[in-house]
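Following our numbering, the numbering of the sequence shown begins with 819 at its first residue and continues without gaps.
Read through the structure below, which is laid out as structure tokens, and then see the notes.
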Amino acid sequence: MEFSVKSGSPEKQRSACIVVGVFEPRRLSAVAEQLDEISEGYISNLLRRGDLEGKSGQMLLLHHVPNILSERVLLVGCGKERELDERQYRQIISKTINNLNETGSMEAVCFLTELHVKGRDNYWKVRQAVEATQDCLYSFDSLKTRKEEPRRPLRKIVFNVPTRRELPLGERAVAHGLAVAEGINTCKNVANMPPNICNPAYLAEQAKILANEYDNVSTDVVDEAQMEALGMGSYLAVGRGSANESMMSIIHYQGGDKDSKPIVLVGKGLTFDSGGISIKPGEAMDEMKYDMGGAAGVLGAMHTLAELNLPINVIGVLAGCENMPSSNAYRPGDILTTMSGQTVEVLNTDAEGRLVLCDALTYVERFDPDCVIDVATLTGACVVALGKHASGLLSTHNPLAHELLNASDQSGDRAWRLPLWEEYQEQLESPFADFTNLGGRAAGTITAACFLSRFTKKYHWAHLDIAGTAWRSGGKDKGSTGRPVSMLSQFLLNKSGVEQGE
Ligand code: BES
Ligand code: MN
Ligand code: ZN
819 MEFSVKSGSP EKQRSACIVV GVFEPRRLSA VAEQLDEISE GYISNLLRRG DLEGKSGQML
879 LLHHVPNILS ERVLLVGCGK ERELDERQYR QIISKTINNL NETGSMEAVC FLTELHVKGR
939 DNYWKVRQAV EATQDCLYSF DSLKTRKEEP RRPLRKIVFN VPTRRELPLG ERAVAHGLAV
999 AEGINTCKNV ANMPPNICNP AYLAEQAKIL ANEYDNVSTD VVDEAQMEAL GMGSYLAVGR
1059 GSANESMMSI IHYQGGDKDS KPIVLVGKGL TFDSGGISIK PGEAMDEMKY DMGGAAGVLG
1119 AMHTLAELNL PINVIGVLAG CENMPSSNAY RPGDILTTMS GQTVEVLNTD AEGRLVLCDA
1179 LTYVERFDPD CVIDVATLTG ACVVALGKHA SGLLSTHNPL AHELLNASDQ SGDRAWRLPL
1239 WEEYQEQLES PFADFTNLGG RAAGTITAAC FLSRFTKKYH WAHLDIAGTA WRSGGKDKGS
1299 TGRPVSMLSQ FLLNKSGVEQ GE
């Protein structure tokens, strides 16, 4: 897809399609008004006859509108003008793109970026439009032998900004939007890949591909022998039942001064989570290929970062591992010694994410991080608490939590903070080891984060539980969402101080 920005009047456009908004009830937007005048009331006539009410997401495609140079005009319902919010704006853009893609316009000039969205500037609107477009056009078909492509797919889209003065800002928004979308695509591609292909070695391979593509990216892999030497007894235990070797990939991005402290992102990379000896029920077990969604998100954010060439230092860790039952597998009752020296009694081998992450979190102490954010499909309880709309955010450092919530608000990639009060720590008490890996039924997301917090005392830390947000379940809509790449990318953009809005 080719994106550009332009500042022009609608009646002067000579394109396959021009896209303008109509509000409810039957009210023309300013640009639609201009077209209406030129076409001598053609559009307002249609509305009067009841062809389009203007409800959010309604579409009416017109051909050969009198005196209009473009072949088509797509009228898009935008709902009540006063009620237009961020979410509706994105939905309207998505529906528009799907419509264009299916109706034969291979290029279009879109004026929806001129809609008023409360509190958002043109940079935001153009960038969101680019991200929403790329999200819509994504499909994972590399393993299908017959690919379905529309006969005349959308290839080129121009977003209009109100004045020429806003062109540089619009261009920056396109560049940023494309970089974020590229990271999201990387995340989706690796997350959707089946677990017989995407194993820990495959994750390491993806990290290498990124390093080959960008000069300031390099990677190392910590394999099982090295983990043994480092004393990562907990991480190793989880992978012991699998024929696929555990591998922790470290991605270094060097964009800032040599001695500026890195931001560290750690992703849970369970390329398949069967539950192990505490095996999961069969229903929807295939979806546990997405248990590496955290690692996919970190890889995606690293891709965006490298593409934007931001002036900061960031280290991404993909904690690759597979949780399988076998005669070598770790068991409930086992007591593991973590890299930190703390011992853990395993009460359920399906609470494996925290056991992998805890050693990765100890490992990253060596980087003397500015802050550490781990990203994980950690608990089913998070899906119960927040559903598929918000990721869970837990943190022991208020400023970091606020920075992440801010990034989440700006990007529309929602997160909601849950408490990490001391009281919850009691649920992890063990009669035999320092603590257990299981906190019981109550507050499962919080007790999982409590477990991790025991390994993050040496730096500022936040945890994102993306169990509900990383992928869509069931049916034909199933697939990776690419979350939380846009939140993380926004966080990194903010950290880098790169100019964004007006
Ligand atoms: N990967 C799962 C969490 C998960 C489950 C994410 C369903 C998304 C959908 C994790 O490893 C897990 O199995 N967690 C257990 C923890 C429990 C045993 C304390 C869970 O949530 O049931
Ligand atoms: Mn599990
Ligand atoms: Zn898991």
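Yeah, the Cβ is synthetic: ideal placement off N, Cα and C, and Gly gets one too.
Because the structure is a prediction, the values reported are computed rather than measured.
| said: On the CB-based measure, 16 or more other CB atoms within 10 Å of its CB, does Gln952 come out buried or exposed? | reply: buried
| field | 4 or more residues per run - each alpha helix (DSSP H) lying fully within the region 904-960 | value | 904-920 and 940-955
| message | Any heavy atom of ligand 2 closer than 8 Å to the beta-carbon of Asn1141? | response | yes
| request: For the alpha helix (DSSP H) containing Ser1291, list its first residue and its last residue. | output: Segment: none, Ser1291 is in no alpha helix (DSSP H) and carries neither H nor E.
| message | Distance check for Met924 and Val976, CA to CA, integer angstroms please. | response | About 12 Å.
| query | Which residues bound the beta strand (DSSP E) around Leu880? | reply | In the DSSP annotation of this structure, the continuous segment of the beta strand (DSSP E) that includes Leu880 starts and ends at Met877 to His881.
| Under the criterion of a Cβ to heavy atom distance below 8 Å, does Leu902 qualify as lining ligand 3? | no
| task | Under 7 Å Cβ to Cβ from Arg890, same chain only, skipping five residues before and after it: list those, please. | result | Ala834, Cys835, Leu879, Leu880, His881 and Ser923
| query | With Asp1152 and Val1164 assumed to form a contact (beta carbons below 8 Å), what rounded beta-carbon distance in angstroms separates them? | reply | 5 Å
| query | What separation, rounded to the nearest whole angstrom, lies between the Cα atoms of Glu1000 and Thr1214? | reply | 31 Å
| task | Could you name the residues that DSSP lists as bridge partners for Lys1086? | result | DSSP lists Ala1137 as the bridge partner or partners of Lys1086.
| request: Would you check whether ligand 1 has a heavy atom nearer than 8 Å to the C-beta of Ser1060? | output: no
| field | Pocket of ligand 3 (residues with CB nearer than 5 Å to any heavy atom), chain order | value | Leu1088, Asp1091, Asp1109 and Gly1171
| field | Every unbroken alpha helix (DSSP H) inside the region 979-1011 [4 residues or more] | value | 985-1010
| said: So, under 8 Å CB-CB, Ala1113 and Leu987 are touching, yes? Tell me the CB distance rounded to an integer number of Å. | reply: Not a contact, Cβ separation roughly 34 Å.
| query | Thinking C-beta only, is Tyr1071 closer than 9 Å to Val1190? | reply | no
| field | Start and end residues, beta strand (DSSP E) containing His1215 | value | Looking at the DSSP string, His1215 is not in any beta strand (DSSP E), and its letter there is neither H nor E.
| query | With respect to 8 Å, is the separation between the Cβ of Lys1107 and the closest non-hydrogen atom of ligand 2 below this value? | reply | no
| message | Applying the 10 Å Cβ sphere with the 16-neighbour rule, what's the burial state of Leu961? | response | exposed
| query | Is there at least one non-hydrogen atom of ligand 4 closer than 8 Å to the beta-carbon of Ala1285? | reply | This structure lacks ligand 4; the ligands present are ligand 1, ligand 2 and ligand 3.
| Residues near Cys1268 by beta carbon distance below 8 Å, same chain, minus five either side | Leu1238, Tyr1242, Gln1243, Gln1245, Leu1246 and Gly1257
| query | Do you know how far the Cα of Val935 is from the Cα of Arg908? | reply | 11 Å
| query | Taking the C-alpha atoms as reference points, what is the distance between Arg970 and Glu1170? | reply | 47 Å
| task | Assign Ile1097 to one of three DSSP states: helix, strand, or coil. | result | coil
| task | Please name the residue or residues paired with Arg890 in a DSSP beta bridge. | result | Cys835 and His881
| message | Can you list, in chain order, the residues of its chain with a C-beta nearer than 7 Å to that of Cys954? Leave out the 5 residues immediately preceding and following it. | response | The beta carbon of Cys954 sits closer than 7 Å to the beta carbons of Ser912, Ile915 and Asn916 from its chain, once the five residues preceding and following it are set aside; these are given in chain order.
| Entirely enclosed beta strand (DSSP E) segments - the region 1034-1093, minimum 3 residues | 1035-1040, 1065-1072 and 1081-1091
| field | Residues that DSSP places opposite Trp1234 in a beta bridge | value | Partner(s): Gly1210.
| request: Helix, strand or coil for Ile1191, going by three-state DSSP, please let me know. | output: strand
| message | Does the contact criterion of 3 or more C-beta pairs under 8 Å hold for the region 1105-1123 versus the region 1291-1303? | response | In the pairwise beta carbon analysis, the region 1105-1123 is classified as touching the region 1291-1303: at least three pairs are separated by under 8 Å.
| query | Out of Ala1029, Asn1141, Ile1133 and Arg1235, which has the shortest C-alpha to C-alpha gap to Leu1179? | reply | Ile1133
| message | Mapping the DSSP letters down to three states, classify Thr1299 as helix, strand or coil. | response | coil
| If we ignore side chains and look at the alpha-carbon of each, how far apart do His994 and Glu1125 end up? | 9 Å
| Ala1199 beta carbon near ligand 2 (any heavy atom closer than 8 Å) | no
| said: Measuring alpha carbon to alpha carbon, tell me which residue in Asp1177, Asp1283 and Pro980 is nearest Leu1056. | reply: Rather than Leu, the amino acid found at residue 1056 in this sequence is Val. The shortest C-alpha separation from Val1056 is found at Asp1177.
| query | Can the beta-carbon of Asn1017 be found closer than 9 Å to that of Gly1073? | reply | no
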